[in-house]
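Each residue of the sequence shown is one higher than the one before, counting from 28 in the working numbering.
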Amino acid sequence: MKSDAPLGDPNFGKVVPCTCKSRVAVEEQYTRLVRLSGLGALRRCTFASLAPQGRSGHPEDQRCFAQALEVAKAFAESPSGWLVLTGPSGSGKTHLAAAIVNRCLERGQVAVYISTPDLLDRLRSTFAPWNSAPYDTLFEQVCTVPVLVLDDLGAHSATPWAEEKLFQVLNARWRDQLPTVVVLSAPLPQVEERFRTRLTDPQLSRVLTLGVWGEKPFARLAPEWEHMTFATFRLEGNRATEAQRRSLEEAYRAARAVAQGARQWLVLMGPPGCGKTHLAVAIYQERLRRGEPALIARVADLLDYLRSAFAPESRVSYDQRFDELRNAPLLILDDLPAQVETRWSAEKLHHLLLYRYDHHLPTVLTMSSEEGEGGDILASISPALRSRLKDQRLVTLVRMDAPDYRDRARSASRHHGRER
């Protein structure tokens, strides 16, 4: 349609598209951008569909994700520099990266999403006789696209050819300072040094960590532990005597002190059902509520976690897992056995606990003893560990002599039966 602009207006006499034509043109451009973006099923991954604090129940992970979300939103509105997203599988890295591309497309900006293995496959395929797409054209597109999201860097087959092509892509974009988002599938220290130099360039790149690396089987409480808090701990016990109630109160106060930041060891001993695990879990829950990191695990599960590092499919080395445990700000181990089944397990526990003792790292242990065992529970563990657990400068030993709280339901049931 012809513009009705007045004489002297730059649009006077020009033909301009009508509103409906403009709308159609915008929609066609958007459709074309989506087709070129490579998102596919990830079109559903938008900022609106993201939980503001991610999916982790860990406060520290939630804080990291919320911070990364705000940075990613700002980047999507005005792409500049590099973003490097790192974190364990399931932490939301790919969703966040896809949301950046989706927002760029909504703004009419060209952006491309591609996983590292797919990129390498497409580059290799250009050498096939049936492929009409020249290698140089595809390579140039990836190197020069206005916004590139490269997912799963580190998940590719690390052949010399693949490493060289990836470095050429990243180096070209680093040289030209083109907006780029890189999602790592491995911890940053494991990335080859020449890649890491580009990814961590302080003048260009910002690294966002969405959680702690390594499979974290202890990040979520077992369902049967979720109700165990200080508020639900019953100081009166289960028909406990005065002396037994005093032991519960002593254990409660000691557990509270550790939960509030006391840098000490706490060892809770007693027969099954006296409340040791309840207080240990309550410490963990209170530390999380305060936003302070901690790890909790049954000893048997912890040993399985260490053994699984030797499985062929494991992408986290034994040394990484062991280092994560021995340096945890607070480590809570439930049900430490007096005797461990294998020599390997005994050695690992011995090394873990002695390291934490020597470095004065806060640690909570629960140990079960049958009623009537008295102080013999410590007699059956290794002399080196027994000596350290008796160090009153660092370690608080509390014996909980209360009756099994699980008997409440049975005693109530028996009482109800007599009434009938």
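By construction, the Cβ of each residue, glycine as well, lies at the ideal position given by its N, Cα and C atoms.
(message) For a test of the three-state rule: what should DSSP assign to Ala324, helix, strand or coil?
(response) Locating residue 324 in the sequence shown gives position 297, where the first residue counts as 1. It is a strand residue.
(request) Could you check the C-alpha separation between Val137 and His254 for me, to the nearest Å? (result) One-based indexing of the sequence shown puts residue 137 at position 110. One-based indexing of the sequence shown puts residue 254 at position 227. Using only the alpha carbons, I get a separation of about 50 angstroms.
(request) Less than 8 angstroms between the CB atoms is what I'm expecting for Val308 and Pro364, so what's the real figure, rounded? (result) Taking the first residue of the sequence shown as position 1, residue 308 is located at position 281. Taking the first residue of the sequence shown as position 1, residue 364 is located at position 337. Not confirmed; about 19 angstroms, so no contact.
(message) I'd like to confirm the pairing. Which residues does DSSP put opposite Thr236 in its beta bridges?
(response) Within the sequence shown, numbered from 1, the residue matching residue 236 stands at position 209. Bridge partners of Thr236: Thr113.
(request) Could you tell me whether any non-hydrogen atom of the ligand FAD is closer than 8 angstroms to the CB of Glu87? (result) In terms of ligand content, the structure shown is empty, and the ligand FAD therefore cannot be addressed.
(request) Decide if Glu251 is buried, meaning its Cβ has at least 16 other Cβ atoms within 10 Å, or exposed. (result) Taking the first residue of the sequence shown as position 1, residue 251 is located at position 224. Exposed, since its Cβ has fewer than 16 Cβ neighbours within 10 Å.
(request) Taking all protein chains shown into account, decide if Thr259 is buried (16 or more other Cβ within 10 angstroms of its Cβ) or exposed. (result) Position 232 of the sequence shown, counted from the start, is the residue given in the question as residue 259. It is exposed - the Cβ of Thr259 has fewer than 16 other Cβ atoms within 10 Å.
(message) In whole angstroms, give me the CA-to-CA distance for Val111 and Ile141.
(response) If you number the sequence shown from 1, residue 111 lands on position 84. If you number the sequence shown from 1, residue 141 lands on position 114. Val111 and Ile141: Cα-Cα distance of roughly 15 angstroms.
(message) At 3 residues or longer, what runs of the beta strand (DSSP E) sit wholly inside the region 180–235?
(response) Runs found: 207–211.
(request) Let me know the secondary structure DSSP gives Pro430 once reduced to three states. (result) Here residue 430 refers to the residue found at position 403 when the sequence shown is read from its first residue. Coil, per DSSP.
(request) Specify the secondary structure class of Leu66 as computed by DSSP and reduced to three states. (result) Counting from one through the sequence shown, the residue named residue 66 turns up at place 39. Correct three-state label for Leu66: coil.
(message) Taking the straight line between their C-alpha atoms, what separation do you get for Leu357 and Thr390?
(response) Here residue 357 refers to the residue found at position 330 of the sequence shown. Here residue 390 refers to the residue found at position 363 of the sequence shown. Their Cα atoms are separated by approximately 6 angstroms.
(request) Taking 8 angstroms as the threshold, find out whether the region 371–379 comes into contact with the region 274–287 through three or more Cβ pairs. (result) no
(request) Pull up the distance between the alpha-carbon of Asp328 and that of Gly300, whole angstroms please. (result) Numbered from its first residue, the sequence shown carries residue 328 at position 301. Numbered from its first residue, the sequence shown carries residue 300 at position 273. Rounded to the nearest angstrom, the two C-alpha atoms are 20 angstroms apart.
(request) Could you tell me which of Gly288, Asn129, Ala78 sits nearest to Arg71, measuring between CA atoms? (result) By 1-based counting over the sequence shown, the position of residue 71 is 44. When each option's Cα is compared against that of Arg71, the closest is Asn129.
(message) Does Trp371 pass the burial test, meaning 16 or more other C-beta atoms within 10 Å, or should it be called exposed?
(response) Sequence index remark: in the sequence shown, residue 371 carries index 344 (1-based). Exposed.
(request) Assuming Ala93 and Pro79 form a contact by the criterion Cβ under 8 angstroms, report the distance between their Cβ atoms to the nearest whole angstrom. (result) The residue given as residue 93 occupies position 66 in the sequence shown. The residue given as residue 79 occupies position 52 in the sequence shown. About 6 angstroms separates the two Cβ atoms, so the contact holds.
(message) According to DSSP, simplified to helix, strand and coil, what is Val169?
(response) As a working note, residue 169 is residue 142 in the sequence shown. For Val169, the three-state secondary structure derived from DSSP is helix.
(message) Going by DSSP, what residue range makes up the beta strand (DSSP E) through Leu388?
(response) Looking up residue 388 in the sequence shown gives position 361. Note, Leu388: premise wrong, no beta strand (DSSP E); not H, not E.
(request) Taking only the alpha-carbon atoms, compute the straight-line gap between Thr207 and Val234 and give it to the nearest angstrom. (result) Stepping through the sequence shown from its first residue, residue 207 is reached at position 180. Stepping through the sequence shown from its first residue, residue 234 is reached at position 207. Roughly 12 angstroms separates the two Cα atoms.
(message) Could you check whether the Cβ of Pro298 sits closer than 9 angstroms to any Cβ belonging to chain D?
(response) In the structure shown, chain D cannot be found, because there is only a single protein chain.
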